[in-house]
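Peer 1: Structure below; questions to follow.
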Amino acid sequence: MSRRAPPQHDLDDDAWSQDALFARPVRRRPAGIPPPIYHARLRERSAVAKARHAQRNQLRQLASVVFMGLLVIAGILLLVRLLSSVEPPRPDSGRVVNLLSPEASQSGVQRAPTTAPFIDSPFTRPVEAPPISARSALLVDMGERTVVFSKNPAERRPPASLAKLATAIVALEQAPPDTRIQVPESATSEPSALAGLWAGDVLTLEQLLYALLLPSANDAAASIADGIGGHDYTVAQMNDLARRLDLTDTHFANTSGRDAENQYSTAFDLAVLAADAIDRFPLLAKIVATQVYVIPGGPANRAYSVRNLNGLLWTYEGAIGVKTGQTEEAGGNLVVAAQRGSRRLMVVLLGSEDRLADAETLLDFGYRALAARG
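Yeah, the sequence shown ends on 631 if you go by the numbering used here, and it's all consecutive.
Right under this line is the structure:
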């Protein structure tokens, strides 16, 4: 049996050769057919993303600029506030600092009780003391803060209604004058001097101060104390006021000045208290210089008329207040001030048998002494 020889192929007919593969025609997309739609969508999304990215960058830059601007403005405002809060020292004018000035009493700085607000005058040395009946007395020159005459100025005695000066001061420290206060039922049962206030009437603090200081009404004192925090609170504030003014021989037990075991003061301390009232509070200076005051009636209150018990306002030339006081234990008490030209004198009398006559005697003596000095 014979083997068949493999078939022979012509190289020219080798259609599947490598060169023939490369020689095959490439199929191309007809010219009229556009590219796939998703290619266009991808290009569109890319442009939108770029635009949004650029917009976000712009917003970030704008926010950074605004934030930095706010920081700069806040820094400038803080610097201005710090600079404005630092006050340069006042130039030395050579004047003596008055311990009763508003700056000294409201600064909050603890000051040592070393220098008294009134000192003995080196120019007025009376040859003969003026005759007065008061157990304790003080005559001071308010302009120079000097003592012209004194009699037992440090003797502790009942202040009587002179304590109402402290009540008035702490009331204005606690509330503005237009504060509306309702008269409590308890005020109508107060003893002694009354303004005849009706329970439930609503008055302003200023109106109640007229009733407190002119007829020395105890019902007005009770109403004021009730309106600014209560009796005990007001008495505590009165004693704090005494501490701030360095009134070491003064203590208050009630707001009206009624005799009490632990209530006392001196002619010197009361002179300091009265000076603080009329120097620091123009409203109080106006009230104590008023002869008669009418509280008009309104929807919330009836009308009241109050008259000043200080008779010197009618009889003594230049009298400008300040306060009367009298109880069985205290006797006749009086603080009175008078102004003639640029000279202002103040007299404090405690335990006087005739307080008006004693006050006239001391005021006349003081003006004669000042005139003699020149």
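Quick reminder that beta carbons are idealized off the backbone N, C-alpha and C, glycines included.
Please report the residue range of the alpha helix (DSSP H) in which ALA468 lies.
Peer 2: Counted from its first residue, the sequence shown places residue 468 at position 211. Here the alpha helix (DSSP H) through ALA468 covers 462-470.
Peer 1: Please go through the stretch 431-462 and give each complete beta strand (DSSP E) segment of 3 or more residues, from N-terminal end onward.
Peer 2: 437-439 and 459-461
Peer 1: Have a look at ILE485 and GLU412 and give me their C-alpha separation to the nearest angstrom.
Peer 2: Along the sequence shown, read from residue 1 onward, the residue named residue 485 stands at position 228. Along the sequence shown, read from residue 1 onward, the residue named residue 412 stands at position 155. So the two alpha carbons sit approximately 32 Å from each other.
Peer 1: Out of ASP489, GLU617, LEU607 and ASP615, point me to the one whose CA is closest to LEU419's CA.
Peer 2: Against the sequence shown, residue 419 aligns to sequence position 162. Minimum Cα distance to LEU419 is reached at LEU607.
Peer 1: Could you say if the stretch 454-466 and the stretch 530-537 meet the contact criterion of at least three C-beta pairs nearer than 8 Å?
Peer 2: no
Peer 1: I need the straight-line Cα distance from ARG630 to GLY623, nearest angstrom please.
Peer 2: Counting from one through the sequence shown, the residue named residue 630 turns up at place 373. Counting from one through the sequence shown, the residue named residue 623 turns up at place 366. Computed Cα separation, rounded: 11 Å.
Peer 1: Keeping to the same chain, check which residues put their C-beta closer than 6 Å to that of ASP516; ignore five residues upstream and five downstream.
Peer 2: By one-based count along the sequence shown, residue 516 stands at place 259. So the qualifying residues of the chain are PRO415, THR584 and GLU586.
Peer 1: Kindly list the residues whose CB is nearer than 6 Å to the CB of SER407, restricted to its own chain and excluding five residues on each side of it in sequence; keep chain order.
Peer 2: Mapped onto the sequence shown, residue 407 falls at position 150. Cβ neighbours of SER407 beyond the five flanking positions: LEU395.
Peer 1: Does the distance from the CB of ASP533 to the CB of ASP506 come in under 8 Å?
Peer 2: Here residue 533 is taken as the residue at index 276 of the sequence shown, counted from 1. Here residue 506 is taken as the residue at index 249 of the sequence shown, counted from 1. No, these two residues do not count as a Cβ contact at 8 Å.
Peer 1: Just list the residues that DSSP pairs ILE552 with in beta bridges.
Peer 2: Here residue 552 refers to the residue found at position 295 when the sequence shown is read from its first residue. Looking at the DSSP assignment, ILE552 forms a beta bridge with TYR561.
Peer 1: Could you tell me whether the stretch 542-552 touches the stretch 432-448, where touching means 3 or more Cβ pairs closer than 8 Å?
Peer 2: no
Peer 1: Kindly indicate which three-state DSSP category THR371 falls into: helix, strand or coil?
Peer 2: Counting from one through the sequence shown, the residue named residue 371 turns up at place 114. Residue placement at THR371 cannot be trusted, given a pLDDT of 36 that sits under 50; the coordinates are not used to answer.
Peer 1: Counting beta carbon pairs with one atom in the stretch 564-582 and one in the stretch 590-597, are three or more of them shorter than 8 Å?
Peer 2: Here the stretch 590-597 makes contact with the stretch 564-582; the two share three or more CB pairs at distances below 8 Å.
Peer 1: Can you find a C-beta in chain E that's less than 8 Å from the C-beta of LEU502?
Peer 2: Among the chains in the structure shown there is no chain E, since it carries only a single protein chain.
Peer 1: Can you give the Cα-Cα distance for SER562 and SER449, rounded to whole angstroms?
Peer 2: Position 305 of the sequence shown, counting from 1, holds the residue named residue 562. Position 192 of the sequence shown, counting from 1, holds the residue named residue 449. Approximately 18 Å between the Cα atoms of the pair.
Peer 1: Residue range of the beta strand (DSSP E) that MET495 falls in?
Peer 2: Counting from 1 along the sequence shown, the entry for residue 495 is found at position 238. MET495 -> not in any beta strand (DSSP E); alpha helix (DSSP H) instead, spanning 488-501.
Peer 1: Provide the residue(s) that pair with VAL592 in DSSP beta bridges, ordered along the chain.
Peer 2: Residue 592 sits at position 335 when you count from the first residue of the sequence shown. According to DSSP, VAL592 bridges with LYS580 and VAL605.
Peer 1: Around the C-beta of ASP435, are 16 or more other C-beta atoms found within 10 angstroms, so that it is buried, or is it exposed?
Peer 2: For the purposes of this step, residue 435 is identified with residue 178 of the sequence shown, where counting begins at 1. Exposed, because fewer than 16 other Cβ atoms sit within 10 Å of the Cβ of ASP435.
Peer 1: Hey, ALA478 and SER513: beta-carbon distance below 8 Å or not?
Peer 2: Within the sequence shown, numbered from 1, the residue matching residue 478 stands at position 221. Within the sequence shown, numbered from 1, the residue matching residue 513 stands at position 256. In contact: ALA478 and SER513 (Cβ atoms closer than 8 Å).
Peer 1: Classify PHE406 as helix, strand or coil using the three-state DSSP reduction.
Peer 2: Counted from its first residue, the sequence shown places residue 406 at position 149. It is a strand residue.
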